[in-house]
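Asks: Mind having a look at this structure? Questions to follow.
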Amino acid sequence: MEHWLWIILAALSFECKGQDTVTQTTGEVSVTEGDTVTLGCTFQISLGSNVYLFWYKQEVNGYPKYMLMRWKGTENNAEEFQKDRFDANLNETSVPLQISSAAVTDSAVYYCALRPTVTGNTNTLYKNIWSKDNTILTTSTKCRAQRDNVLQPEAEKTATKGEAVTLGCHYNSTSSNDYLFWYKQHGDNSPTFILSRFKIGTGKTEDEDRFSSTLDSSLRSVPLNIQKLQLSDPAVYYCALQPT
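With mature numbering (1 follows the signal peptide of the UniProt record, and there is no 0) applied, the sequence shown covers -18 to -1, 1 to 226.
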């Protein structure tokens, strides 16, 4: 029996000197359970930089799991993601992830991450930037022409301790029952779940006194409100869409 699978892709980049970027190149792809699928990821790095490329998998309400790393002929796969099913070849400007024998358990959020390091500098300073380009890969019994996506309008936002700030998130979906999530990521750590919102109610919120969000299905918007900013709040914030 063939099953429907969905995979959301997002690109995470670590911006250093120059224009170091990573981008998901795959828009929407549909495949059937048991098929092989390739998830695209391209990158650009500045001169004098070495590059480490990572792929992560994130299941609903979970944190991203490390899958594999590629660097100058060096390969590493997590035990859970053996190379016979999950593989990536690091090329000059790309590191596509290939998943063989697609299974229902492969349904998840997948994203690639770039960590550039400047040659000779063992204490590289860099700033985390979450890519605004989100795409969805749907693995199914047939091709579909949907355009589910998430857009965060602000690349960066600055505020002062004690103030309130709102982070925007807009989405498009062909589903009538969408689930929206907000996550927070500090440095190289895995993103942590903040809250979830869906059309018929609200999900878990870790700190309800300071973090809130309202899902407006008519405006296709789910902004994150943060009250009384603290020194621990500066981080990468991103929203994710799970169409159902």
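For each residue, glycine too, the CB sits at the ideal point set by N, CA and C.
(1) Return the residue from the list Leu162, Ala217 and Pro78 that minimises the CA-CA distance to Val132.
(2) For Val86, does the count of other Cβ atoms within 10 angstroms reach 16, so buried, or fall short, so exposed?
(3) For a minimum of 3 consecutive residues, which ranges assigned as the beta strand (DSSP E) are wholly contained in the region 195 to 220?
(4) If we count the other Cβ atoms within 10 Å of its Cβ and call it buried at 16 or more, is residue 232 buried or exposed?
(5) Hey, Glu145 and Leu211: beta-carbon distance below 7 Å or not?
(6) Measure the alpha-carbon distance for Ala(-8) versus Phe175 and round it to whole angstroms.
(7) Which class does Val86 belong to by DSSP, given the choice of helix, strand or coil?
(8) Considering only their Cβ atoms, is the gap separating Cys94 from Trp53 smaller than 7 Å?
(9) Closest to Phe193 by C-alpha separation, out of Glu61, Gln80 and Val147, would be which residue?
(10) Could you give the residue range of the beta strand (DSSP E) that holds Lys166?
(11) State the Cα-Cα distance for the pair Gln6 and Tyr220, rounded to the nearest angstrom.
(12) Suppose contacts are defined by Cβ-Cβ distances below 7 Å. Is Asn58 in contact with Lys65 by that definition?
(13) Express the C-alpha separation of Thr196 and Leu206 in angstroms, rounding to a whole number.
(14) Pull the bridge partners of Thr5 from the DSSP assignment, please.
(15) Under three-state DSSP, which class holds Ser155?
(16) What does the Cβ neighbour count give for Leu213, buried or exposed, with the cut at 16 atoms within 10 Å?
Replies: So, from the data block:
(1) If we check each option's Cα against that of Val132, Leu162 comes out closest.
(2) Exposed.
(3) Taking only runs of at least 3 residues, the beta strand (DSSP E) segments lying wholly in the region 195 to 220 are 206 to 208.
(4) Absent from the model: residue 232. The displayed extent of the chain is -18 to 226, so no value can be given.
(5) Judged by their CB atoms, Glu145 and Leu211 are nearer to each other than the 7 Å cut-off.
(6) At Ala(-8), the pLDDT of 44 sits below 50, so the modelled position is not reliable and the matter cannot be decided from this model.
(7) DSSP, reduced to helix, strand and coil, places Val86 within a helical segment of the structure shown.
(8) The beta carbons of Trp53 and Cys94 sit no closer together than 7 Å.
(9) Residue Val147 holds the alpha-carbon nearest to the alpha-carbon of Phe193 among Glu61, Gln80 and Val147.
(10) Here the beta strand (DSSP E) through Lys166 covers Asp160 to Gln167.
(11) Their backbone Cα atoms lie some 16 Å apart in a straight line.
(12) Their beta carbons are not under 7 Å apart, which means Asn58 does not touch Lys65 by this criterion.
(13) Distance between the alpha carbons of Leu206 and Thr196: 8 Å.
(14) Paired residues: Thr24.
(15) DSSP places Ser155 in coil when its eight states are reduced to three.
(16) So Leu213 ends up on the exposed side.
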